[in-house]
Amino acid sequence: MTPISLIQSTAETLMDKAAIEIPDDYLTGLKKAAEVEDGDLSSFVLQAMLENYEAAKEDRRAMCGDTGCPRWYVKMGNEAQVEGGPCALETALRRATANATNGVPLRPNRVHPLWRTDHDNNVGINAPEIEFAFEPEGAWIDLTTVHKGGLFGTDYRMLFPSDGLEGIRRFYLDTLIAFGKRGLACQPAIIGIGLGGSKDTCMVLGKRAACLRTVGDRNPDPKIAAMEEEFIELGNSIGMGAMGFVGKSMVIDCHIEVGYCHTGGMQMSMHAFCLSSRRACARIHADGRVEYRTDPQWFTPYLRRETVEWEGLSVAAE
Amino acid sequence: MTKPRKIRLSTTPSPEDLAALKLGDIVYLDGLMYTAREGVYMRALEERANIPMELPRDSAANFHCSPAATINPDGTFRMGAVTATSSFRFAKWIGEWLEKSGAKLIIGKGGMAPEVYRKHFVPHGAIFLTTVGYGTGALLGRGVENVEAVHWREELGLAQAMWVLKCNEMGPFIVASDLEGNCLFERENAKIAPGYAALYEGTKPAVMKRYGETDDRSDEVIG
Ligand code: SF4
């Protein structure tokens with residue numbers, strides 16, 4: 118049984134880490150981009166960002182003044198048990214979010230959409246988002262927080278099978294160019310693409326593709342992996358770089374996730390995880406050990422399963 | 006690849022200082038700067054409240070920003086990271102604000118439309134400095150030596166209040182418009198645009214269009 122106090126304290130540490138420490142995979146990706154970037158202004162921007170990550174860590178202050186919208190992804194092994202149950206866990210995560218907003222400090226970004234009420238703690242109706250998933254084995258709990266920034270860089274479109282791959286390519290370019298101008302998307306970004314599902318699933322898949330997979334990770338379907346690689350190239354050949362200046366660094370990585378959809382449609386969503394690609398994770402083991410990491414390991418074979426049954430799950434329905 | 010020039014500039018710059026700046030120059034600021042965005046503009050311009058600072062004597066630098074900061078129980082401030090907010094949204098007030106405040110430096114995210122520069126900035130001898138990244142919040146936070154005051158905090162709330170910041174080599178910022186109203190982003194867009202045709206070669210418009218892609222609302226958007 119995992120004590121709720123351990124969940125809350127771990128979550129508070131994660132809030133701090135996410136806001137301040139750029140994940141290594143993104144940092145390595147950005148350094149590579151900085152090496153090949155030859156646009157004079159774009160290149161200056163990338164260098165300034167690299168200095169900024171260092172300054173954030175040295176001073177222990179948030180890397181970006183817009184600290185985004187903190188959200189949570191919780192994954193549990195099938196045998197995990199939380200003291201007080203799932204509602205206590207949700208409360209612990211809301212508390213951690215509020216405490217860290219004051220502690221780091223973060224910007225209290227979350228307001229009511231109509232009345233603009235601000236609780237000054239990033240907590241409110243449906244905020245922070247807390248999403249759950251499960252794995253067939255283990256008694257651990259994985260906590261991941263993502264501080265997603267950016268009002269720009271995200272779009273959805275209902276495409277159809279007759280739009281084909283070219284249609285996907287075109288919408289990809291449209292979104293990158295529209296939001297890349299003046300650097301509204303704060304590129305170079307990790308681009309997440311959701312394909313299929315239904316409209317909501319498509320958005321969720323694309324966002325998770327952007328925020329929960331690390332730079333360099335490829336989709337297990339070789340044909341989708343090839344598309345990801347092609348799209349990195351394509352995005353970086355627009356002629357645009359950081360802040361929309363002449364350059365060649367728009368995309369640090371591209372991740373595509375799919376979900377089975379209605380036979381008539383081919384939904385597509387685009388998401389950009391910005392220059393402050395903030396995510397932090399921890400595994401809380403049943404014995405109380407906590408291991409911190411930056412790879413959420415969200416997309417597992419189990420989460421991408423296609424079949425009815427899953428081997429290894431032994432409880433059979435009568 | 007030529008390296009951009011780096012220049013230190015006062016937040017009460019002389020016309021000569023400003024005339025020497027070229028699009029794409031990198032600027033670091035010294036002196037007092039204040040944050041003002043929609044809340045301050047509405048209060049000062051629409052509600053005609055008295056501005057609680059002597060402008061532009063104290064500062065001619067208006068920052069479109071809400072800092073990640075908290076006010077301690079003892080009334081002191083804790084400043085975290087500092088990042089600008091997108092400036093194009095403030096076009097509605099900027100002409101009147103330049104007139105009233107005498108601001109010479111508008112500092113924000115992503116610049117404003119070229120027409121806004123020509124119509125409002127040029128006659129007031131003002132230029133636009135954009136933040137960099139735009140995620141360089143930790144670097145900018147370092148450049149804030151002190152929070153001198155927070156005005157209109159009760160009236161407008163923390164995010165919209167007028168924060169008066171003492172800057173010491175605060176930056177980097179990039180010169181996004183000059184005294185003639187030239188626009189850095191417009192120049193860059195024009196350099197990139199010729200490549201679009203080749204990029205889109207072989208693709209065709211989506212089977213189902215959306216309003217906005219056609220101005221004809223009688224269009225069935227299929228096609
Ligand atoms: S999009 Fe990202 S880098 Fe840009 S201002 Fe927002 S959080 Fe910062």
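The listed protein sequences derive, respectively, from chains U and V. Using our numbering, the letters of the first sequence map in sequence onto residues 118 to 435. Using our numbering, the letters of the second sequence map in sequence onto residues 6 to 228. Cβ coordinates follow ideal geometry from the N, Cα and C atoms, glycine included.
Nearest to His69 (chain V) by alpha-carbon distance, out of V:Val45, V:His156, V:Ala49, is V:Val45. Across the region 188-218 of chain V, CB contacts with chain U closer than 7 Å involve Phe190, Glu193, Asn194, Lys196, Ile197, Gly200, Leu204, Tyr205, Gly207, Thr208, Lys209, Ala211, Val212, Met213, in sequence order along the chain. Interface annotation, Lys149 (chain U): not in contact with chain V, CB-CB separation never under 8 Å. Residue side-chain check: Tyr170 (chain U) keeps its Cβ at 7 Å or more from all non-hydrogen atoms of ligand 1. Out of U:Ala135, U:Ala172, U:Met166, the CA that lies nearest to the CA of Arg147 (chain V) is found in U:Ala172. Interface flag for Thr40 (chain V) against chain U is unset, since no Cβ pair is found closer than 8 Å.
Under a 10 Å Cβ-count criterion, Tyr139 (chain V) is classified as buried, with 16 or more other Cβ atoms of the shown protein chains found around its own Cβ.
In the DSSP assignment, Arg400 (chain U) forms a beta bridge with U:Asp259, U:Glu408.
Proximity of Met344 (chain U) to chain V, defined by a Cβ-Cβ separation below 8 Å, is not satisfied. Against Arg178 (chain U), the close residues of chain V are Ala73, Met84, Gly85, Ala86, Gly142, Ala143, Gly146, Arg147, in the order they occur along the chain (beta-carbon pairs closer than 9 Å). Going by beta carbons, Gly300 (chain U) and Met360 (chain U) fall inside the 8 Å limit. Going by beta carbons, Pro245 (chain U) and Trp189 (chain U) fall inside the 8 Å limit. Interface residue (Cβ-Cβ distance to chain V less than 8 Å): Val221 (chain U) is classified as such. Between Glu408 (chain U) and Ile401 (chain U), the alpha-carbon positions lie close to 7 Å from each other. Between Thr261 (chain U) and Pro418 (chain U), the C-beta gap is not smaller than 8 Å, which leaves the two residues out of contact. In the structure shown, the three-state DSSP call for Leu282 (chain U) is helix. Chain order gives the chain V residues near Ala173 (chain U) as Ala86, Gly142, Ala143, Leu144, Gly146, where near means a beta carbon separation below 9 Å. Leu290, Ile294, Lys298, Arg299, Gly300, Leu301, Cys303: these are the residues of the region 290-312 of chain U whose beta carbon lies less than 8 Å from some beta carbon of chain V, given in chain order. Look at the region 389-414 of chain U: the residues with a C-beta under 8 Å from a C-beta of chain V are Cys391, Leu392, Ser393. Just so you know, the alpha carbons of Pro225 (chain U) and Arg62 (chain V) end up roughly 32 Å apart. Non-local beta-carbon contacts of Ser71 (chain V) in its own chain, meaning distances under 6 Å to residues more than five positions away in sequence, involve Ala164 in chain order.
When C-alpha distances from Asn353 (chain U) are compared across U:Asn336, U:Pro339, U:Ile369, U:Lys192, the shortest belongs to U:Ile369. If you draw a 10 Å sphere on the C-beta of His264 (chain U), you find 16 or more other C-beta atoms in it, and that means buried. A distance below 6 Å between beta-carbons, with the five flanking residues on each side excluded, links Gly364 (chain U) to the following residues of its chain, in chain order: Glu154, Gly156, Ser159, Gly358. Under the Cβ distance rule, Ser279 (chain U) counts among the residues neighbouring chain V, one pair being separated by less than 8 Å. In the structure shown, the three-state DSSP call for Phe288 (chain U) is helix. Straight through space, the alpha carbons of Gln164 (chain U) and Pro177 (chain V) are spaced by roughly 11 Å. Thr127 (chain U) and Pro128 (chain V) have their C-alpha atoms spaced approximately 55 Å apart.
The nearest non-hydrogen atom of ligand 1 is 7 Å or more from the C-beta of Leu206 (chain U). Listed along chain U, no residue sits closer than 9 Å to Met175 (chain V) by beta-carbon distance, the nearest being about 13 Å off. A direct Cα-Cα distance of roughly 15 Å separates Leu210 (chain U) from Lys134 (chain U). Annotation for Phe82 (chain V): Ala74, Thr75, Ile76, Val152, Val155 place their beta carbon closer than 8 Å to its own, counting only its chain and skipping 5 residues before and after. Per DSSP, Cys188 (chain V) lies in no alpha helix (DSSP H) and is assigned neither H nor E. Chain U places a beta carbon closer than 8 Å to that of Pro9 (chain V), counting this residue as a contact. Taking 7 Å as the cut-off, the C-beta of Ser106 (chain V) does not count as close to any heavy atom of ligand 1. Assignment of Ala306 (chain U) by DSSP, reduced to helix, strand and coil, places it in the strand class.
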